[in-house]
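Colleague: Here it is: the structure, laid out below.
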Amino acid sequence: MLNTMARNASSREITPLQGELLRALISSGISKDALLSACDELYAKLAQSAQRADGTAVEQQPKHNSSDHLQGTQVKSEVVKLEEAPQRRLTRDVSLEAQQISFVDQMLGMDPWQAAKLIKMYMQQHNIPQREVVESTGLNQSHLSQHLNKGTPMKTSKRAALYTWFENKRKEIIERKEVVCNIIII
Numbered sequence: 001m002l003n004t005m006a007r008n009a010s011s012r013e014i015t016p017l018q019g020e021l022l023r024a025l026i027s028s029g030i031s032k033d034a035l036l037s038a039c040d041e042l043y044a045k046l047a048q049s050a051q052r053a054d055g056t057a058v059e060q061q062p063k064h065n066s067s068d069h070l071q072g073t074q075v076k077s078e079v080v081k082l083e084e085a086p087q088r089r090l091t092r093d094v095s096l097e098a099q100q101i102s103f104v105d106q107m108l109g110m111d112p113w114q115a116a117k118l119i120k121m122y123m124q125q126h127n128i129p130q131r132e133v134v135e136s137t138g139l140n141q142s143h144l145s146q147h148l149n150k151g152t153p154m155k156t157s158k159r160a161a162l163y164t165w166f167e168n169k170r171k172e173i174i175e176r177k178e179v180v181c182n183i184i185i186i
């Protein structure tokens with residue numbers, strides 16, 4: 001299932017669930033401008049949280065103005081945005097790879113108990129089961145559970161594997177949200 005999501009996230013296709021969510025939003029009567037505004041707010045929040053977590057500057061997404069949609073230049077501006085999107089994504093992917101190394105180093109520099117609470121909270125927020133971490137990292141289920149729930153110490157190499165998984169999962173979730181917002185914009 002994760003491979004399917006990753007393929008859909010990297011291409012511009014949406015999953016049936018994402019399509020259903022989009023149809024529900026559109027049928028709810030929300031205007032295109034309100035939807036674009038909500039996506040812009042989401043991008044801003046994601047950028048702020050990534051900036052706080054990584055300690056680096058994050059590119060802000062362009063604001064959408066309702067007057068753009070009323071002008072005759074709408075088609076031209078959308079074409080320019082579509083042409084710039086792959087270039088921005090490539091730049092973002094390269095910078096995210098560099099940030100991942102520093103992110104893991106930052107997490108290793110944190111208090112292990114604080115880092116464990118952060119990861120546990122994120123997993124709960126996004127309904128990520130611990131078995132997914134175990135399957136991806138090869139960590140022991142019992143040891144992982146004790147670390148996340150009680151703060152039981154874990155070797156640095158195992159913590160690094162956990163933090164690397166955490167960063168990759170964060171990127172995957174952010175990318176999925178970007179794909180949904182990009183499809184709505186198109």
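Numbering (full-length UniProt numbering), first residue to last: 1 to 186.
Where a beta carbon is used, it is the ideal one built from N, C-alpha and C, also for glycine.
In this text the structure is predicted, and so the values were computed from the model without any measurement.
#1: How about isoleucine 174 and leucine 35: are their beta carbons less than 7 angstroms apart?
#2: Where in the region 88-163 do unbroken runs of the alpha helix (DSSP H), each at least 4 residues long, occur, reported from the N-terminal end onward?
#3: From what residue to what residue does the alpha helix (DSSP H) around glutamate 20 run?
#4: Take every Cβ of the region 14-27, pair it with every Cβ of the region 150-166, and state whether three or more of those distances are shorter than 8 angstroms.
#5: Below 8 angstroms on the Cβ atoms is my contact criterion, and I expect leucine 118 with valine 134 to pass it. Report the Cβ-Cβ distance as a whole number of Å.
#6: Alpha carbon to alpha carbon, how far is glutamine 18 from lysine 177?
#7: Find out if the Cβ-Cβ distance for the pair leucine 139, alanine 116 is shorter than 7 angstroms.
#8: How many angstroms separate the CA atom of leucine 108 from the CA atom of asparagine 127?
#9: Look at the alpha carbon of leucine 162 and the alpha carbon of glutamine 125, and state the distance between them as a whole number of angstroms.
#10: Whose C-beta lies closer than 8 angstroms to the C-beta of residue 188 among residues of the same chain, with five residues either side of it excluded?
#11: Measuring straight from C-alpha to C-alpha, what distance separates threonine 164 and aspartate 111?
#12: Relative to the C-alpha of glutamine 146, which candidate in Thr137, Trp113 and Asp40 has its C-alpha closest?
Modeller: Judging by the given coordinates:
#1: The count along the sequence shown starts at 1 and reaches residue 174 at position 174. The count along the sequence shown starts at 1 and reaches residue 35 at position 35. The answer is no: Cβ separation not under 7 angstroms.
#2: 112-125, 130-137 and 141-150
#3: Start at 1 with the first residue of the sequence shown, and residue 20 comes out as number 20. From DSSP, the alpha helix (DSSP H) with glutamate 20 extends over 16-27.
#4: no
#5: As a working note, residue 118 is residue 118 in the sequence shown. As a working note, residue 134 is residue 134 in the sequence shown. That pair is no contact at about 19 angstroms.
#6: Position 18 of the sequence shown holds residue 18. Position 177 of the sequence shown holds residue 177. Glutamine 18 and lysine 177: Cα-Cα distance of roughly 10 angstroms.
#7: Your numbering for residue 139 matches position 139 in the sequence shown. Your numbering for residue 116 matches position 116 in the sequence shown. No, these two residues do not count as a Cβ contact at 7 angstroms.
#8: Working through the sequence shown from its first residue, we reach residue 108 at position 108. Working through the sequence shown from its first residue, we reach residue 127 at position 127. Their Cα atoms are separated by approximately 24 angstroms.
#9: Walking along the sequence shown from the start, residue 162 turns up at place 162. Walking along the sequence shown from the start, residue 125 turns up at place 125. For leucine 162 and glutamine 125, the distance between alpha carbons rounds to 17 angstroms.
#10: Given a span of 1 to 186 for the chain in the structure shown, any question on residue 188 remains unanswerable.
#11: Position 164 of the sequence shown, counted from the first residue, corresponds to residue 164. Position 111 of the sequence shown, counted from the first residue, corresponds to residue 111. Computed Cα separation, rounded: 16 angstroms.
#12: Counting from one through the sequence shown, the residue named residue 146 turns up at place 146. The shortest C-alpha separation from glutamine 146 is found at Trp113.
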